[in-house]
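Structure first, then comments.
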Amino acid sequence: MPASAKFNHLLGSLRLPVSKGTASVLAITAAITVLAALKARISRKRKRARREIERFALVEGLEKDAEFDVIVVGGGTAGCVLAARLSEDPNLKVVVIEAGRSGLANEFTHIPGAGFRVLRSKDDYSLYTTEQQNAGGRKWYWPRAKLLGGCSCINAMIFHEGAPSDYDEWATIIGDEGWAYRNFSKYLLKFENFITSDAHPDVDTSKRGKGGPVEVGFFAHHSPLARAFVGVCTALGIPGRSDFNTEEGTIGAGRVLTYIDHTGTRVTTESSYLTPAVRKRKNLTVLTHAQATCLLLEDDGEGESWEEGKTKRAIGVEVFVGGGKEGQGGRKIVLKSRREVVLTAGAVHTPHLLLLSGIGPQSSASPVTITHPLPGVGAHLSDHASVFMRFRCAPRQSLNFLKPRSFGEGMRLMKALVEYKIRGTGALANNVCDAAAFVRSDDPSLFPPSKAEEAETEDPTSSLTAPDLELLSSALGWADHGFGEVPQGDLCSIGITALRPTSRGSITLKSADPLDAPDIDPNYFSSQNDISVLVRGLKLALRLTRTQPYASLLDPNCNDEFLDYGRYDATDAELEQIVRERAETLYHPACSARMAPLAEGGVVDASLRVYGVKGLRIADASVFPKIVSGHTTAPVIAIAEKAADLIKGELLGEKK
Numbered sequence: 001m002p003a004s005a006k007f008n009h010l011l012g013s014l015r016l017p018v019s020k021g022t023a024s025v026l027a028i029t030a031a032i033t034v035l036a037a038l039k040a041r042i043s044r045k046r047k048r049a050r051r052e053i054e055r056f057a058l059v060e061g062l063e064k065d066a067e068f069d070v071i072v073v074g075g076g077t078a079g080c081v082l083a084a085r086l087s088e089d090p091n092l093k094v095v096v097i098e099a100g101r102s103g104l105a106n107e108f109t110h111i112p113g114a115g116f117r118v119l120r121s122k123d124d125y126s127l128y129t130t131e132q133q134n135a136g137g138r139k140w141y142w143p144r145a146k147l148l149g150g151c152s153c154i155n156a157m158i159f160h161e162g163a164p165s166d167y168d169e170w171a172t173i174i175g176d177e178g179w180a181y182r183n184f185s186k187y188l189l190k191f192e193n194f195i196t197s198d199a200h201p202d203v204d205t206s207k208r209g210k211g212g213p214v215e216v217g218f219f220a221h222h223s224p225l226a227r228a229f230v231g232v233c234t235a236l237g238i239p240g241r242s243d244f245n246t247e248e249g250t251i252g253a254g255r256v257l258t259y260i261d262h263t264g265t266r267v268t269t270e271s272s273y274l275t276p277a278v279r280k281r282k283n284l285t286v287l288t289h290a291q292a293t294c295l296l297l298e299d300d301g302e303g304e305s306w307e308e309g310k311t312k313r314a315i316g317v318e319v320f321v322g323g324g325k326e327g328q329g330g331r332k333i334v335l336k337s338r339r340e341v342v343l344t345a346g347a348v349h350t351p352h353l354l355l356l357s358g359i360g361p362q363s364s365a366s367p368v369t370i371t372h373p374l375p376g377v378g379a380h381l382s383d384h385a386s387v388f389m390r391f392r393c394a395p396r397q398s399l400n401f402l403k404p405r406s407f408g409e410g411m412r413l414m415k416a417l418v419e420y421k422i423r424g425t426g427a428l429a430n431n432v433c434d435a436a437a438f439v440r441s442d443d444p445s446l447f448p449p450s451k452a453e454e455a456e457t458e459d460p461t462s463s464l465t466a467p468d469l470e471l472l473s474s475a476l477g478w479a480d481h482g483f484g485e486v487p488q489g490d491l492c493s494i495g496i497t498a499l500r501p502t503s504r505g506s507i508t509l510k511s512a513d514p515l516d517a518p519d520i521d522p523n524y525f526s527s528q529n530d531i532s533v534l535v536r537g538l539k540l541a542l543r544l545t546r547t548q549p550y551a552s553l554l555d556p557n558c559n560d561e562f563l564d565y566g567r568y569d570a571t572d573a574e575l576e577q578i579v580r581e582r583a584e585t586l587y588h589p590a591c592s593a594r595m596a597p598l599a600e601g602g603v604v605d606a607s608l609r610v611y612g613v614k615g616l617r618i619a620d621a622s623v624f625p626k627i628v629s630g631h632t633t634a635p636v637i638a639i640a641e642k643a644a645d646l647i648k649g650e651l652l653g654e655k656k
C-alpha cells in the first residue's frame, strides 16, 4: 500500500481530539493526501474484490483436486517460512492453511508504532487464560494474531535469539547435537539480512547474517530514555553490549536490533518469505480464511497399541472455509497429504488441534475420544510473565501521545505522522521497547544479600553465562496491554521479565467444538521462584530510577498511585503483591508439544516427528524443550528453516 494511503487510513482511525486549530491542520493534511488516498481506496476495493473471487475459485478448485505433498497447518510466524522454503523445490506441491487473512491487509501491521491497534480486533484471537489462582484469580489476556505472519505482525519486533547455552540445553534434552548452538546457529543466521549502521560501528558484521529474507537492523526510533537506560545500566556495572546475538552470550545492556527495515516498516514472515514472486509459484497454494479442525489419521502397523507397533499415519486435514461453521456461511473441505502434514499453528493452537484429533493424554474428562495416547500434548506450557513499572518523565520524552488525549498530544501525533509518511522515521517507527538489559538474579554486584531476602533463588538458567532476568526500556507508560486508563502527561516504563520460569501450565480442551478456544492455564507463579526473581527485578528497576543519567529524565514529584517512583523503599511483600496484581504475558508461550524423549513428556523427536504418528511433524514454539532466555521469534523462524531442510532432505531422497 502506498505510504499516503497508510497515512490517511491511520489518521482516520486515531480519533484525534478535534478543536478549531486541529481541524485546520487536518484540513491542510487532507488536501495534501486526498487525491492519493482516493486513488488508493479505489485500488484497495478492486484488489479486495479480486481476492475474494480468487479465494472462492481456489476453494472450488481444491474441492476437486485437494492432494498435496505437504500440508502446512498455520500460516503464522513459522508457517510462512516453511511454506516458502518447501516450495522452492518445484517437485513438491505445498499448501499452507491460515485461519485469518493476509497480515498485509491490515495497515497497522506495517507501521511499527501502530501495531497495538491490531490487539482485540478481528485479526486477534483475543484469548484469555483460566483464572490464575496465584495472580489474584485474574484471567490474563493473551493476544494471538489471526493473520498470515502470525505474531510477527503484533510483537515488539525485538530481534533476540536467547543465550547460546539455551540451544546446547535443547541438544542435551533431546540427545541430538544438531540442536546445539554450534550447529543450530546456521539457521539463526540463514534467515537474517543485517543492515549495517554508521551509528553502531562496533557491531561485528562477520557474526551477523547477510542475504536472508528477514531484514534486521537499528532502524527503530531510539529515544533519549533508552540511551539513558543503557547509560545507567553500565554505571551500575552491567556490561555494555552492542550485539546480544553472538556466541559470546547475551548478558549486558544495549540497544536492541529490530525487525524493522530500512524504510521504517515492520518485517513479518509473510512480508519477507511470502513475497509476490513466491506467491506466484505454481506448486504453492496459500489458503486464508481456512480453519483446520481435525487431522485425518489412519491406522498403520501391527500390534495392540502404538507402543507395541500399532502406529498412526496422518493423511490429511479437515478444514472449514468461508469464515464460519457449516450452515453458517462456511463449509468443510478435506485436504489430502501424500507425504507430510506439518503443524505450525503455535503453542496454543497446535496442541489444541492434536487434542481435537484424538492425540493427547488419556482423560475421562476429555470431550473427544483419545485414539493415540500421548501424555505430553498440551503439557509443560511455559510463558514469560512481565511487570512494567511506570514513571512520569521529563516533558517531550514520552511516546504516550501516540494515543492522544489533548490538543497538544494531537499536534505531536500529527507531526509524527508527517515524519513517518515522508521519511519512515520518528515516533511511529518505534518498537515499544528499544533498549534492554539481560542479567542474572544471583549477581551479587546487582543484588547484594540482605536479611530480608535470606532464601536463595533457584538457578533455572541453561548455564552460568545465561540470564534469568530482562529489563526493557520503554518510552511508553501503559496498563492492560495499552487498553487501561493511564494518567495524562509524559510517561515511561521499565519492563521486568522472568526469562526462565519454573511454573508449568497446560492447554486442554474446553469442548469438542474446534471453533471454541481451548482452556489455557499457564499456572503462573505456581513456583515461588518466579515471584522471587521478579521481585529482585523490580528492585533493580527502582534502583535505576534513582541513578544518573536515567534519574534526570524522571519526575520525582509524583504521588499518583498508578506510578511507581515512590515505591523505592517498598518491602519484598509489597513488591510481590505488585507482581501478582499487575504481571502480564510478554506474548511468548512455548513448550506445549515439547521436543524431548517420550518418557520425559516429549511429543516430537529430534526430527520434529510426532511420536507414533507417521507423516506428522510440528515446527513452532510448542516444540521448545525449554523456553529460551529471551525473545522467541528468532528461534521459531530458525526451527522452521531447519524443519524445511529436514523435510526436503527426506522427501527428495524418497523421490530419487
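Reminder that position 465 of the sequence shown reads as 465 in UniProt numbering, one-by-one numbering, no gaps. For glycine and all other residues, C-beta sits at the position ideal for the given N, C-alpha and C. Since this is a predicted model, take the numbers as computed values, not measurements.
- Excluding its 5 nearest sequence neighbours in each direction, K210 has C-beta neighbours in its own chain below 7 Å: N193, F194, listed in chain order.
- DSSP, reduced to helix, strand and coil, places I359 within a strand of the structure shown.
- When DSSP states are grouped into helix, strand and coil, V486 belongs to the coil group.
- According to the DSSP assignment, V214 belongs to the beta strand (DSSP E) that extends over 214–216.
- Per the DSSP secondary-structure output, Y128 pairs in a beta bridge with Y141.
- Around the beta-carbon of R500, 16 or more other beta-carbon atoms lie within 10 Å, marking it buried.
- Taking a cut-off of 8 Å on C-beta distances, the stretch 586–601 touches the stretch 373–383, as three or more cross pairs fall below it.
- Within a 10 Å sphere around the beta-carbon of L652 sit fewer than 16 other beta-carbons, which makes this residue exposed.
- Take the alpha-carbon of P143 and the one of Y128: they are about 8 Å apart.
- Under the DSSP assignment, N523 falls outside any beta strand (DSSP E); it carries neither an H nor an E label.
- Shown here, K539 sits in a helix according to DSSP, grouped into three states.
- Residues of the same chain with a CB within less than 6 Å of the CB of A644, apart from the 5 flanking positions on each side, are L82, R85, L86 in chain order.
- Ranked by Cα distance from R617, the first of D300, P625, M595 is M595.
- Excluding five sequence positions before and after T263, the CB atoms of its chain that fall closer than 7 Å to its own CB belong to G424, given in chain order.
- The shortest CA-to-CA distance from G100 to any of G76, P90, A171 is the one to G76.
- A Cβ-Cβ contact shorter than 8 Å links L236 with T547.
- Around the Cβ of R182, a 10 Å sphere holds fewer than 16 other Cβ atoms; the residue is exposed.
- Per DSSP, reduced to three states, the secondary structure at I174 is helical.
- For C294, no alpha helix (DSSP H) encloses it; the enclosing beta strand (DSSP E) starts and ends at 290–300.
- Inter-segment contact for the stretch 436–448 and the stretch 359–367 is absent: fewer than three beta-carbon pairs are separated by less than 8 Å.
- Taken atom to atom, the span from the alpha-carbon of R536 to that of S511 is near 40 Å.
- Under a 10 Å Cβ-count criterion, R255 is classified as buried, with 16 or more other Cβ atoms of the shown protein chains found around its own Cβ.
- Using a C-beta cut-off of 8 Å, the stretch 165–172 makes no contact with the stretch 87–97, since fewer than three inter-stretch Cβ pairs fall below that distance.
- Apart from the 5 residues on each side of it in sequence, S398 sits with its Cβ closer than 6 Å to the Cβ of A475, D490, L491, C492 in its chain, given in chain order.
- Straight through space, the alpha carbons of T571 and T269 are spaced by roughly 44 Å.
- Here the C-alpha atom of L295 lies approximately 25 Å from the C-alpha atom of S382.
- Each of G115, N283, E131, T130 was checked against the Cα of G150, and the nearest Cα belongs to G115.
- Below 8 Å, enough C-beta pairs join the stretch 383–395 and the stretch 523–542 to call them touching: three or more.
- DSSP, read as helix, strand or coil, puts L608 in coil.
- Per DSSP, reduced to three states, the secondary structure at D69 is strand.
- DSSP lists L381 as the bridge partner or partners of G505.
- The beta carbon of A638 sits closer than 6 Å to those of Y187, L188, all from its chain and outside the five residues before and after it, given in chain order.
- Counting only residues of its own chain and dropping the five nearest sequence neighbours on each side, Q291 has a CB closer than 6 Å to the CB of A99, F320.
- Rounded to whole angstroms, the gap between the alpha carbons of A199 and V230 is 15 Å.
- The beta carbons of L446 and A427 sit about 32 Å from each other, so the pair does not count as a contact at 8 Å.
- Taking 4 residues as the shortest admissible run, the stretch 398–484 contains the following complete alpha helix (DSSP H) segments, listed from N- to C-terminal end: 407–423.
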